[in-house]
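*Asks:* full-length UniProt numbering puts the sequence shown at residues 1 to 1080. Backbone N, C-alpha and C define an ideal beta-carbon position, used for all residues, glycine too.
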Amino acid sequence: MDVPFETFISEYMWSTKDPDSLAIKLSIFIYDSDIDFREKCAVFLKKLLTSDSDLSTWWNLSVSTQSTIKAILLKRISIEESESILKHLGDTVSGLAASLLPRNDWPELLPFLYQCLDSSSYKLIESAFSIFGQLAHDLGDTVVPWVKYVHSRLLNTLNDDTLDLDNRIAGMTAAITFIQFQCVSNSNQKERFQELLPALLRRLTDTLSNSDEEVAAHDVLKLFMKFAKYEPRFLRRQLMDVVSTMFEIAEDERLKEGTGHLAVEFLITLVETRNRAPGMMKRLPLFISRCFTLLLKLLLDVKDDTAWHSVEIMKDDTGETSNFRFGKECLDRFSRALGGKSIAHIAIEQLCTYLDDPEWEKRHAAIFALDFIAKGCSKVMIMNLEQVVDMVLSCFEDPHPRVRWAACRAISSLLIYFGPDMQERYHNQIIHALTAAMDDVHPQVQASSTRALCFFCVLGKPETSISYLDGIVSKLLVLLQNDKPIVQQQALTALASISHSVEEHFGTYYDTVMSHLKTVLRNTDLKSNFILQTAVGCIGAVVKAVGKEKFRGDEKQVMEVLMSLQGLQAKGDGPLIIDLLTAYTGICHCLGHDFLPYMSAVMPFFTQCAQLEPAMTISTQSDYGTNELDDNSIEKAKKRDVLKVKASGCAMLCLCAEILKEDFYPWISQAVSIFVPLLIFYARNDVRIYAVNAMSLLLSSAKLAVEKGIAQGGSESYFTKLSDYIVLALVEALHEEPMTEICGIMLYELNNCLQLCGPLLTESQVHSIVNEIKHVITESSSRKNELREREKTEDFDAEEAELLSAERKQEEEVLSYVGEILGTLIKAFKASFLPFLDELSPYLLPMWAKDNTTNERRISILIFDSLVEECPEAALKYYDVCLPLVLEASNDEDPNVRQTALYGLGLWAEYGRSFFQPFVGEALSRIYVVLTHLNAREPENENAYDNAVSTLGKIYQFHGESIDSAQVIPAWLNCLPIKADLVEAKLVHEQLCSMVERSDRELLGPNYQYLPKVVSVFAEVLCSEKELATKETANRMINVLRHLQQTLPSSTMESTWSYLLPQQETELKSIQSAEEDAIF
């Protein structure tokens, strides 16, 4: 057709409102001779008929139209030559059939599919199998009657040696696809398809044995990989055979490199499917050893390219082959998936053998492998760290420069993963090796050892670096004069890292270093900007380290030069932009509010960086040198650099808002317009996180500006509109957030925003927040159920449990922030929030159940504690439900749950009054259990103990008539002072002071029997290093003691003082004397 498809469809849909007409027209057009037009019609027809989950469009068509379309679809499938169009047609058929077959509304379909399976066309066979597979997935047990036939047909196809290549590939593709899709619950049906695996493997290896057919089998290998990812447990019964076949393919040097990589990818994919088959591969005999050997061998494919010896940049992979790069990636994934307990000992054994080999390639491979498995094996390697460090340091003296260079890279990784422990334990050996390597004859080794020094300093404790500071800085200043840019660049980076680590201790070297940096900044005629960009970044670190008093003399000159470099953004110099932003970050930290005068000049630069989009072009020359890159690699590099600049720009805007506070007001609107859309920016996670963090910073700036009257034209209504916009944007972004960790960050920042603007929210906005909290709780519950299911698999082990613990921790954080948000809303709206809490009760009250996590129980209790504290009258509605649960939880095994419950029990005692009275006896019994427990005062239990003491005091204070005070008060007094929960300590000790002031009989006892204990408590409170009482209470205690001395018989007071320790008596009298002197 001459008319473009999109134009035709638009005009046709506009001209007719009849769905029957449109559907028939599209069905007819799939017979058009123009293949592109035909395919677009097939795609549009699929969307039109099957995009609605309930097939509403289909059911609105007339019966006649439905019959016509079904006939056209089957007819077109039987004659269509295009595989992509066949796929669209097949998807349409299976999408419709999933609803039509159970109703017996498409009796022609199954005979047609059987006919396709018996045809000689591999395209028809594959299409029919694909439709059957999708139906098996959609219809489950209802497909059992014809699954038997499909199974038989697949087995015959796989075992038929007379088929040509296309039919064999179609058969293998269909078999894998069907097994993957069939999810019938009947285990016998699943077992039936186990028969296909041996035939599949045999057919695959036969095809690969013919060099002319090898590439055609790649699609089958890719399907195997997909199968390994989604249905690994199906392979368990024949795992040994499947894995052995893939090993044979991967190790066969006669096969093409890409074929071997696909087989390796299958093996790594199996290892990585922890959520579906955790631990399965660990139990396969010799698998780990054989796979590690295979991956290690890939690293031997490296060339000693002459260009490597003269490179001018650090990020260089000259000499690395595709095998080498693939091997590095797989080793990293392999070690992370299996963990150190499974592979560390095997790896070390093989690596030691390689390190002893005379071939430099093997020593080079060993060091690189150690580098790439270090993170995945860190928890085991740290227990054998001395051996690992010795392995790497021994290669610093290797005769081949690439091995020495690899050793420098490896020590950098080890410092990252094992610092600061590694720096503390082996600082002398490491510094000696690195400083010696900095004098190496080869610039690559010099640069890499200098780079490793950066990690030594930044990731270690400052005191470790300070002892070597003079020697290190002197050597780096010498390297700054080196004629190799790669060495100069790393020397500058190292100076930045050291200054960041030792901070004010770098002041001694400031003048010398800054003089060199300003010289570099003035030299704009450099052949490359490698040194310039590194010097710019170094300035930020040095300035931040030494402080603004040191920097004051250079401030104006440095800022003028930096601002002049902002114009390079227009030239697309990505790396320099990043270092320029780094410099501004350090200077902003250094100057604080004094950075404000520069904002009008630098803010446009910051906003332009933050607004960059991945499609924009940025130079990648300085990152990739003269290496030859294909167009795809260049585009990926450009996108990565743009995103990095964007993230740095966002970070700078956040910092300015944080540092300048209300003075950031002129730029708030612009920053909001940048950050809000980035809340759903998924191309780079840190950009999204900066956007989330910015929300409360911007709200805080706006609120302070309005409160202090510096918001020109701004008012409370301005702040209300801004907070409405930000809160709604955060809630909407939270609903779409795919990552649990970032979900937690969003909840944390949402709570910060609510604390700033809570009472200003409208009812509809609160309703949106509450609905989203329901969603968050539901999603978290679903994820936790998935974690529990993963625990039930037969291969689950301790190492897998450790991996799941991180995910559980994220879920706990999410629920903790939910609790904080609800606490904030209750505090802001008090009783008016009750209807929303009623909505949430079905989500919150079940969390109290014993089978939930301790964190869930604690959070749920804490929410209702907040309700009692903020609006006690409204909370009485939940009295019948909550109080019995609180009483039970007050003796919970977990100390955090116990503390929260006991705190709540105290609130009910204080505010429940008559409602609490019938439970006084049980409350005392449960408090007694806590106070008399053998380990009650152990650190992990002490907070719960303190809350029990506090609650006991409240029961006496508010329900004294219901208890035997003569028994309770002495017991309460004997628990004092409390020292762990400082909030409760202040309240309890204030209560004690008040009771003494009013000469409480039960407290002081007959003939002042308990006075020595009271004075002893006062002494501990007043003499403690902790703030166990407010200043007001402490002064009252001193006055009480003075009053007692003046009014009680001297013999009574002398007897009281005798109970104190000599040091306590001395300190207490000293405090009293000091107070008396202050009065006079």
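Do V881 and A889 have their C-beta atoms closer together than 7 angstroms?
*Replies:* no
*Asks:* On a Cα-Cα basis, can you pick out the residue from S413, S474 and N751 that is closest to T435?
*Replies:* Ranking the options by Cα distance to T435, first place goes to S474.
*Asks:* Quick one: what's got a C-beta closer than 8 angstroms to V392's C-beta in the same chain, skipping five residues either side?
*Replies:* I367, L370, A407, A410, I411 and L414
*Asks:* Which residue's Cα is closest to the Cα of M514: G592, A545 and K979?
*Replies:* Among G592, A545 and K979, the Cα nearest to that of M514 belongs to A545.
*Asks:* Can you grab the Cα-Cα spacing for the pair I659 / Q533, in whole Å?
*Replies:* 25 angstroms
*Asks:* Taking 7 angstroms as the cut-off, decide whether the C-beta atoms of S768 and E811 are in contact.
*Replies:* no
*Asks:* Classify T162 as buried or exposed, calling it buried when 16 or more other Cβ atoms lie within 10 Å of its own Cβ.
*Replies:* So T162 ends up on the exposed side.
*Asks:* Helix, strand or coil for V1014, going by three-state DSSP, please let me know.
*Replies:* The three-state secondary structure of V1014, taken from DSSP, is helix.
*Asks:* List the residues that DSSP assigns as beta-bridge partners of V561.
*Replies:* Note: V561 sits in no beta bridge, so no partner.
*Asks:* Would you kindly work out how many angstroms separate the C-alpha atoms of L902 and V949, rounded to a whole number?
*Replies:* 9 angstroms
*Asks:* Alpha carbon to alpha carbon, how far is L45 from Y748? Give it in angstroms, no decimals.
*Replies:* Y748 and L45 have their C-alpha atoms roughly 45 angstroms apart.
*Asks:* Please classify G254 as buried or exposed, where buried requires at least 16 neighbouring CB atoms within 10 angstroms.
*Replies:* A small fix is needed here, since residue 254 is Arg in this sequence, not Gly. Classification for R254: exposed.
*Asks:* Select from E1027, C330 and C41 the residue whose C-alpha is nearest the C-alpha of T293.
*Replies:* C330
*Asks:* E320 bridges to which residues according to DSSP?
*Replies:* V302
*Asks:* So, is E870 buried or exposed, given that buried needs 16 or more other C-beta atoms within 10 angstroms?
*Replies:* So E870 counts as buried.
*Asks:* Using a Cβ-Cβ cut-off of 6 angstroms (strictly less than) and excluding sequence neighbours within five positions of L581, which residues of its own chain qualify?
*Replies:* S648 and M652
*Asks:* In whole angstroms, what separates the C-alpha of G758 from that of V43?
*Replies:* 49 angstroms
*Asks:* At a cut of 8 angstroms, does the segment 337-351 reach the segment 302-322 through at least three beta carbon pairs?
*Replies:* no
*Asks:* Assuming D421 is part of the alpha helix (DSSP H), what are its boundary residues?
*Replies:* D421 to A437
*Asks:* What runs of the alpha helix (DSSP H), each 4 residues or longer, lie entirely inside the segment 62-131?
*Replies:* 63-79, 83-100 and 109-117
*Asks:* Mapping the DSSP letters down to three states, classify N1007 as helix, strand or coil.
*Replies:* helix
*Asks:* List in chain order: all unbroken beta strand (DSSP E) runs of 3+ residues lying wholly within the segment 701-755.
*Replies:* none
*Asks:* Here's the rule I'm using: 16 or more other beta-carbon atoms within 10 Å means buried, otherwise exposed. How should Q481 be labelled?
*Replies:* exposed
*Asks:* Mind checking R522: buried by the 16 CB within 10 Å criterion, or exposed?
*Replies:* exposed
*Asks:* Curious, which full-length alpha helix (DSSP H) runs of at least 4 residues does the segment 318-395 contain?
*Replies:* 322-338, 340-355, 360-373, 378-381 and 385-393
*Asks:* Does G260 pass the burial test, meaning 16 or more other C-beta atoms within 10 Å, or should it be called exposed?
*Replies:* Answer is buried; the Cβ neighbour count reaches 16.
*Asks:* Quick check on this structure: which residue in G507, V536, T512 and H505 has the alpha carbon closest to the alpha carbon of V520?
*Replies:* V536
*Asks:* For I169 and D219, which I take to be in contact (beta-carbon distance under 8 angstroms), what is that distance rounded to the nearest angstrom?
*Replies:* 7 angstroms
*Asks:* Specify the secondary structure class of G592 as computed by DSSP and reduced to three states.
*Replies:* helix
*Asks:* For D34 and C41, I'd like the C-alpha separation in whole angstroms.
*Replies:* 11 angstroms
*Asks:* Classify G471 as buried or exposed, calling it buried when 16 or more other Cβ atoms lie within 10 Å of its own Cβ.
*Replies:* Label assigned to G471: exposed.
*Asks:* Taking the continuous alpha helix (DSSP H) assigned at I859, which residues delimit it?
*Replies:* T854 to E870
*Asks:* Consult DSSP for G547 and reduce its assignment to one of helix, strand or coil.
*Replies:* Taken through DSSP and simplified to helix, strand or coil, G547 comes out as coil.
*Asks:* At a cut of 8 angstroms, does the segment 1014-1032 reach the segment 1054-1062 through at least three beta carbon pairs?
*Replies:* Verdict: yes, contact present.
*Asks:* Pairs of beta-carbons, one from the segment 770-787 and one from the segment 807-826, closer than 8 angstroms: are there three or more?
*Replies:* yes
*Asks:* Check whether the segment 965-979 touches the segment 994-1012, counting contact only when three or more Cβ pairs, one atom from each stretch, lie closer than 8 angstroms.
*Replies:* Segments in contact, yes.
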